[in-house]
Amino acid sequence: KEWMLKVYFCFFFSPQVLLLACAEDLECVPGFQQKVFYIEKPLEFIEDQLVLNLKFDDCNGNNKLNFEVSNPDFTVELDGSLVALKNVSEVGRVLVVVGHTEYMEDMAEIFILDANEKRGALKEILKLEGNLGIPRQKRAILTTPILIPENQRPPFPRLVGKVIRSEGTEGVKFRLSGKGVDQDPKGIFRINEMNGNVSVTRALDREAIANYRLEVEVVDMNGKTIDGPVHLDIVVIDQNDNRPMFKEGPYVGHVMEGSATGTTVMRMAAFDADDPSTDNALLRYNILKQTPTKPSPNMFYIDPEKGDIVTVVSPALLDRETMESPKYELVIEAKDMGGMDVGLTGTATATILIDDKNDHAPEFTKKEFQATVKEGVTGVIVNLTVGDRDDPATGAWRAVYSIINGNPGQSFEIHTNPQTNEGMLSVVKPLDYEISAFHTLLIKVENEDPLIPDIAYGPSSTATVQITVEDVNEGPVFHPNPMAVTKQENIPVGSVVLTVNATDPDTLQHQTIRYSVYKDPAGWLEINPTNGTVGTTAVLDRESPFVHNNVYTALFLAIDSGNPPATGTGTLHITLEDVNDNVPSLYPTLAKVCDDAKDLRVVVLGASDKDLHPNTDPFKFELSKQSGPEKLWRINRLNNTHAQVILLQNLKKANYNIPISVTDSGKPPLTNTTELRLQVCTCKKSKMDCSATDALHISLTLILLSLLSLFCKSLA
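What follows is the structure in structure tokens.
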């Protein structure tokens, strides 16, 4: 059958339907006579109210005409009237209607536009459908997005949409898959295998999952895929089921006192888990309560949309020093639904602190302060008090004191007590009554922070301190102290070391001074109590343990005649010069050697002397004269302090005493003779056996004495 079609477009507007394309049949064209519609989205589709008229003609009498709509909330009656089955506010962007007869099947699409899209240019509207007025490519499975409100109440399952197959459903089945069907969370959606009806099995939560993308396919009775899969999108429509929440607390803001009206203090931001594109999450802010309410019950204003808190009182009222409290607490309410009465609310407390600025200078509590101090004493003598109306926790209150006059000798210092803010005036160098009995200081106080430009320090920021010095009986003072003298050790007992000199600082009292020994560790000294002459009572010994680094230290007292008497202490350092009064000593005094030794160098001897150079080394080492036809040993000098004893032949196992003399280099020199005990031992397998040597004592000294005794008896 041949069809001839003449297509033309006509454009007009009506309150509900924006008709963009129409066709006029020259002869009958089977199917929908208009395939694309654009309608303006109303606030709500009303139950049983006509949405638009669809015209379907199969050019064969429309026998067994049947319509299917992609949204189960709508139906098309046999006369082509599209009506809502109930009041509906959310339907998505498109409705698909399929018409069936015995001879023809066709599809029409109804696009739902927002009001601003309707007001757009005609050419922009036409872009919504590129093939307007031209029959679309035929699809086997027709799906449109399904919109489901969250939090629906039972009963379940509930029909929410329909999938249409353009080629009929006889001998085939629909199959649905994806997240929410056979993937976690499983079992939320299901499809009627025979007619394509889609159902939800329980209430949805948009805040948990806002969208589901499922796949639909058509399979034969054996499960083999015939058509698809195609996507089926399910959108969860938001309900206002979440209150606004303030999550970022605590909320604390600061504003400087005297700030201009309209100064931004802080921003409050609440969060609403509902859909941000809807009024369910459209928040408006309001101040419910202010504490305290003075000096004005409306100190602050909050921007209802942004949440910015600003000051609304004059700078004069924003005076921290005159406020009942520098801390304000605001109860802030956030309401969704754009602030409408039906909106849900959440509250939080905003704490606003009025920060201090340095608009008050510190002032002394009185113009003159008095202090009394004894001469010779240091420490705090008076606390200076000030008042300051600024915040004690800031540098605008903390005081800084300075002495601006009356302190040429830097005898005084002043510091701030961090707890009380008082000025602690101290004497740091002892005062002398005999020099000055009175002192007058001029003290200035300032803040750590600078004053604001229109405030200055006045006369009350300075004060005078009158200080009276009290006379005390001061102890005598040695000159010099410490005292030093150099003496040779071993000077005769009764020798004069020096005469000490002490004076009394109390020149106006004309007191006498007596001297005494305070500390004399070795008991070597005495002092004349009247004239201070120090003499020796024993020999001064540089080698004494009481002498350190050649210096002997003693302490003396000078006592005045005051009531009570005062005492001064003087230190005497005596540097002792060395004399050669110590003989050198020899070490070691015992040596061992094997009777078959090949190395006859027996021992290295060293010498030491308690005296100082030049009364010590170089030392001279000598052997006493050896008797007998053969000499048994000799001594060789190695250096200034050491010598070596060498055997001239192997000796039998025995003990030998070898007299050795060592002489120092002093003038006159001193000599010390020491016997070196030599043990000749038996050595086998690296073991030295000296056990039998004690029974064999052969001493050159004893031999000489025996020979001398026999010689004397023969003469007798």
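Taking mature numbering (1 follows the signal peptide of the UniProt record, and there is no 0), I'd label the letters of the sequence shown as residues -23 to -1, 1 to 693.
Cβ atoms here follow ideal geometry from the backbone N, Cα and C, with glycine treated the same way.
How far does the beta strand (DSSP E) with residue i in it reach, from first residue to last?
i, result
"F166", "F166 to I168"
"F346", "E345 to K351"
"E423", "F415 to N424"
"A440", "T439 to E447"
"K464", "M460 to Q465"
"L624", "H619 to L624"
"A250", "Premise fails: A250 is in no beta strand (DSSP E) and is neither H nor E."
"P126", "I123 to P126"
"R244", "T241 to R244"
"F523", "Premise fails: F523 is in no beta strand (DSSP E) and is neither H nor E."
"G545", "T544 to E554"
"C660", "T648 to K661"
"L532", "V528 to D537"
"F44", "N43 to V46"
"residue 696", "Any property of residue 696 remains undetermined from this structure, which presents the chain solely from -23 to 693."
"F277", "F277 to I279"
Give the C-beta separation of residue i and residue j to the nearest angstrom, bearing in mind that I take them to be a contact with Cβ-Cβ under 8 Å.
i, j, result
"G200", "D83", "Not a contact, Cβ separation roughly 30 Å."
"E54", "V60", "7 Å"
"M243", "D332", "With 8 Å as the limit, M243 and D332 do not qualify as a contact, their Cβ atoms being about 13 Å apart."
"S562", "A584", "7 Å"
"V289", "M276", "7 Å"
"L181", "G155", "Not a contact, Cβ separation roughly 15 Å."
"T476", "V511", "7 Å"
"L62", "T121", "Not quite, the Cβ-Cβ distance comes to about 16 Å (not below 8 Å), so this is no contact."
Checking 8 Å against the spacing of the C-beta atoms, do residue i and residue j come in under that value?
i, j, result
"N188", "D215", "no"
"Y410", "E447", "yes"
"V422", "S438", "yes"
"E340", "Y262", "no"
"I123", "N64", "no"
"D641", "T566", "no"
"residue 694", "G76", "Residue 694 cannot be examined here, being either before or after the span of the chain that is shown, -23 to 693."
"P436", "T322", "no"
"S379", "E390", "no"
"D336", "I186", "no"
"R375", "T397", "no"
"V137", "L209", "no"
Among residues of its own chain, excluding the 5 on either side of residue i, which ones have a beta-carbon nearer than 7 Å to its beta-carbon?
i, result
"N384", "L418"
"S58", "L27 and N30"
"R578", "Q621 and I623"
"Q488", "D481, D537, S538 and G539"
"N527", "R519, T552 and L553"
"A98", "With a pLDDT of only 37 at A98, under 50, the local geometry of the prediction cannot be trusted, and no value is derived from it."
"A250", "E184 and N219"
"A693", "Any reading at A693 needs caution, since the residue's pLDDT is 44, under 50, leaving its predicted position unreliable; the model's value is listed next. Closer than 7 Å at Cβ, skipping near neighbours: no residue."
"K608", "L625"
Who are residue i's beta bridge partners in DSSP?
i, result
"I118", "R142"
"Y564", "G583"
"R261", "K312"
"F151", "V195"
"T513", "L502"
"D204", "V195"
"I86", "At residue 86 the sequence reads Glu, which differs from the Ile that was named. Per DSSP, V13 and V73."
"L55", "Beta-bridge pairing links L55 to no other residue."
"Q267", "L307"
"Y189", "I211"
"S379", "K421"
"A370", "None; A370 has no bridge partner."
"M665", "C660"
"Q160", "K156"
"D285", "R244"
"V393", "Before going on, a small fix: residue 393 reads as Thr here, not Val. Per DSSP, G400."
"M233", "D332"
What does a CB cutoff of less than 6 Å around residue i pick up in its chain, not counting 5 residues either side in sequence?
i, result
"I536", "R491, P542 and T544"
"E599", "S638"
"L330", "H231 and K304"
"S668", "none"
"E1", "Since pLDDT at E1 reaches only 39, below the 50 mark, its modelled position is unreliable, and the value read off the structure follows with that caveat. Closer than 6 Å at the Cβ level, and outside the excluded window around E1, lies no residue."
"Q114", "With a pLDDT of 41 at Q114, under the threshold of 50, the modelled position of this residue cannot be trusted, and the question is left open."
Could you pull out every residue in the same chain whose Cβ sits closer than 8 Å to the Cβ of residue i, ignoring the five residues on either side in sequence?
i, result
"P134", "R167, S176, V177 and T178"
"residue 739", "The structure shown does not extend to residue 739, since the chain is modelled only from -23 to 693, so the question has no answer here."
"F523", "P498, A499 and Y529"
"N37", "P7, T78, E79, Y80 and M81"
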